[in-house]
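Comments concern the structure below.
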Amino acid sequence: MPETYDFAVVGGGASGMAAAVAAAECGDRVLLLERSSALGKKISASGNGRCNLMNTGNAVYYGDTSFSADVISFFPQKELMRFWKRMGIVLSEDASGRVYPFTLQSSTILDALKSKLKMFHTDIRLQSEVTHILREKESFLLSAADQTHFYARRILISCGGKASPKLGGTDSGYRLLSSFGHSITPLHPALCPLCTDTRSVSGLSGIRVRCGIRLVDNTGDCLYETRGEVLFTDYGISGICAMQCARFVVSDGFAAELDLTDGLFSSSGQVMAYLRGRREQFAELSPEYLLNGLLMPRLSFAVLKQAGVQTRGLKTGDLSDQVLLSVSERLRCYILKITGTRGLTDAQVTAGGADCNEFYPSNLESKFIPGLHAAGEVLNVDGDCGGFNLMFAFSSGILAGRNNRTVKEVSE
Numbered sequence: 001m002p003e004t005y006d007f008a009v010v011g012g013g014a015s016g017m018a019a020a021v022a023a024a025e026c027g028d029r030v031l032l033l034e035r036s037s038a039l040g041k042k043i044s045a046s047g048n049g050r051c052n053l054m055n056t057g058n059a060v061y062y063g064d065t066s067f068s069a070d071v072i073s074f075f076p077q078k079e080l081m082r083f084w085k086r087m088g089i090v091l092s093e094d095a096s097g098r099v100y101p102f103t104l105q106s107s108t109i110l111d112a113l114k115s116k117l118k119m120f121h122t123d124i125r126l127q128s129e130v131t132h133i134l135r136e137k138e139s140f141l142l143s144a145a146d147q148t149h150f151y152a153r154r155i156l157i158s159c160g161g162k163a164s165p166k167l168g169g170t171d172s173g174y175r176l177l178s179s180f181g182h183s184i185t186p187l188h189p190a191l192c193p194l195c196t197d198t199r200s201v202s203g204l205s206g207i208r209v210r211c212g213i214r215l216v217d218n219t220g221d222c223l224y225e226t227r228g229e230v231l232f233t234d235y236g237i238s239g240i241c242a243m244q245c246a247r248f249v250v251s252d253g254f255a256a257e258l259d260l261t262d263g264l265f266s267s268s269g270q271v272m273a274y275l276r277g278r279r280e281q282f283a284e285l286s287p288e289y290l291l292n293g294l295l296m297p298r299l300s301f302a303v304l305k306q307a308g309v310q311t312r313g314l315k316t317g318d319l320s321d322q323v324l325l326s327v328s329e330r331l332r333c334y335i336l337k338i339t340g341t342r343g344l345t346d347a348q349v350t351a352g353g354a355d356c357n358e359f360y361p362s363n364l365e366s367k368f369i370p371g372l373h374a375a376g377e378v379l380n381v382d383g384d385c386g387g388f389n390l391m392f393a394f395s396s397g398i399l400a401g402r403n404n405r406t407v408k409e410v411s412e
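Below is the structure:
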């Protein structure tokens, strides 16, 4: 006869581990099933290993935004900070609201979660992929690929999304939820490098530049705008601000416009005054010296090339105001035609997922199947970089684990 648990968690990532801890704190007998050989692989990789686990600023989410706002309102940032402090974690917050463990090591968070699970004698089964779940009277029967079976009164689907298969990305959560009649919205990459026309990035691989970036569609409308560091690659661009554009690239005809002056000039007139000064200063030198000191040489050459400047046989002093105007425009709007993204394989987060309208935000329970919950990336919620995705994963997982039991009940 299969063992029976109060709460079974399918997926041992951020939301799953947090849910298991929260349920165990409430006195539940908890089973945690993870398909890979280790818990929390994405936690280990987050924030370049520093684990940007939340953000105290205004939440930035996409997908089912009203649902994500409700979840955060039911378990706000201050409550999540209390959760970590109760776990013994000392937190550190930077000027932009990003919150890290004071050690700046993701292992600190992972070890704390594992320690809590051990303290509550949580039954953890690694390399145990759940293939089928059946509703039987007041319980769920979970069947794993290794032919083991378990009963649970409540279950949580927290398998994560399809992004980053090397870190455990899978579509199993979508399949399990679909089997209960839940809708899955289309999946596409979020927080993912962009592929561009190779001509505009030729010779630029490895260059990092702080700049503004605008994502525009084929009508010229701006879909997203931010500033940060862009990394040029042999296929296109990467870096946080470029990757945040990826979720909006859902068809052909998009372009990234880079302001390579990074706000150094407040108007085109200021740029022209600067370039006229450079023309006079380097009048006897090659036009390639026009942007010397402002941009790296390879990037300077690329800007001049996109501006249509002929460098052979000319001196900087030969450049007309019309040519300088073209250079000015490309400095503030270096155009990269986007051909696509690197796909879910290279994405950090999945956009799309289970339709949140089919779940209650207070405890992440299904509106169709009592006792069935879903949390984290498997839902149609994704956020900007800065700790928002982990924050939603942890907050939604804790709400699912507590299942509307109050903080006072947890403390007792």
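Be aware that the sequence shown starts at 1, since it is given in my numbering, and climbs by one per residue.
From the three backbone atoms N, C-alpha and C, an ideal C-beta is built for every residue, glycine too.
Span of the beta strand (DSSP E) around C241 | Here residue 241 corresponds to residue number 241 of the sequence shown, with the count starting at 1. No beta strand (DSSP E) holds C241; the alpha helix (DSSP H) holding it covers 240-243.
Inter-residue spacing [alpha-carbon to alpha-carbon] between L413 and E229 = Because the chain here runs from 1 to 412, residue 413 falls outside it and cannot be looked at.
Return yes when the C-beta of C222 is under 7 Å from any heavy atom of the ligand GTP, and no when it is not.
-> For the ligand GTP, the structure offers nothing, since it holds no ligand at all.
Round the Cβ separation of S128 and E25 to the nearest angstrom and send it over; I've been treating them as touching at under 8 Å.
-> By 1-based counting over the sequence shown, the position of residue 128 is 128. By 1-based counting over the sequence shown, the position of residue 25 is 25. Distance from S128 to E25 at the Cβ level is roughly 23 Å; contact not present, criterion being Cβ atoms closer than 8 Å.
Expressed to the nearest angstrom, what Euclidean distance is found between the alpha-carbon atoms of E93 and L113?
-> In the sequence shown, the residue the question calls residue 93 occupies position 93. In the sequence shown, the residue the question calls residue 113 occupies position 113. In this structure, the alpha-carbon of E93 lies about 20 Å from that of L113.
Assuming H182 and E329 form a contact by the criterion Cβ under 8 Å, report the distance between their Cβ atoms to the nearest whole angstrom.
-> Numbered from 1 along the sequence shown, position 182 holds the residue referred to as residue 182. Numbered from 1 along the sequence shown, position 329 holds the residue referred to as residue 329. Actually they do not touch by this definition, with Cβ atoms about 49 Å apart.
As assigned by DSSP and simplified to three states, the class of N218 = Position 218 of the sequence shown, counted from the first residue, corresponds to residue 218. If DSSP states are grouped into helix, strand and coil, N218 belongs with coil.
Take the Cβ of H188 as the centre, count every other Cβ of all protein chains shown within 10 Å, and call the residue buried at 16 or more, exposed below.
-> The residue given as residue 188 occupies position 188 in the sequence shown. Burial of H188 is indicated by the presence of at least 16 other C-beta atoms within 10 angstroms of its C-beta.
Report buried or exposed for T261, applying the criterion of at least 16 other Cβ atoms within 10 angstroms of its Cβ.
-> Walking along the sequence shown from the start, residue 261 turns up at place 261. Flag for T261 reads buried.
Check I335 in the structure and name its three-state DSSP category.
-> The residue given as residue 335 occupies position 335 in the sequence shown. DSSP places I335 within a strand segment (E or B) once states are collapsed to three.
Q244, buried or exposed, once every other Cβ within 10 Å from all chains shown has been counted against 16 | Counted from its first residue, the sequence shown places residue 244 at position 244. So Q244 counts as buried.
Closest residue to C333 among G160, S362, R214 (Cα-Cα distance) | Stepping through the sequence shown from its first residue, residue 333 is reached at position 333. Of the candidates G160, S362, R214, the one whose C-alpha sits nearest the C-alpha of C333 is R214.
Span of the beta strand (DSSP E), counted from its first residue to its last, around L141 = Locating residue 141 in the sequence shown gives position 141, counting from the first residue. 139-144 is the extent of the beta strand (DSSP E) around L141.
Where does R278 sit, in a helix, a strand or coil, going by DSSP?
-> If you number the sequence shown from 1, residue 278 lands on position 278. When secondary structure is reduced to three states using DSSP, R278 falls in the helix class.
Are the beta-carbon atoms belonging to L304 and V271 less than 8 Å from one another?
-> As a working mapping, residue 304 is identified with position 304 in the sequence shown. As a working mapping, residue 271 is identified with position 271 in the sequence shown. When the beta-carbon positions are compared, L304 and V271 stay at least 8 Å from each other.
Ends of the alpha helix (DSSP H) at S115?
-> Within the sequence shown, numbered from 1, the residue matching residue 115 stands at position 115. From DSSP, the alpha helix (DSSP H) with S115 extends over 106-119.
Could you spell out where the beta strand (DSSP E) holding I155 opens and where it closes?
-> For the purposes of this step, residue 155 is taken as residue 155 along the sequence shown, with counting starting at 1. Where I155 is concerned, the enclosing beta strand (DSSP E) stretches over 149-157.
Test item: CB-CB of N55 and F388 under 8 Å | Translated into the one-based positions of the sequence shown, residue 55 becomes position 55. Translated into the one-based positions of the sequence shown, residue 388 becomes position 388. For N55 and F388, yes; Cβs fall inside 8 Å.
Residue nearest to R452 in terms of C-alpha spacing, selected from C195, C241, T311 | Any property of residue 452 remains undetermined from this structure, which presents the chain solely from 1 to 412.
Note down the Cα distance separating F67 from D234, rounded to an integer number of angstroms.
-> Position 67 of the sequence shown, counting from 1, holds the residue named residue 67. Position 234 of the sequence shown, counting from 1, holds the residue named residue 234. Those two C-alpha atoms are separated by around 39 Å.
Whole alpha helix (DSSP H) elements within the stretch 277-352, 4-residue minimum = Counting only runs of 4 or more residues that sit fully inside the stretch 277-352, the alpha helix (DSSP H) segments are 297-306, 321-332, in chain order.
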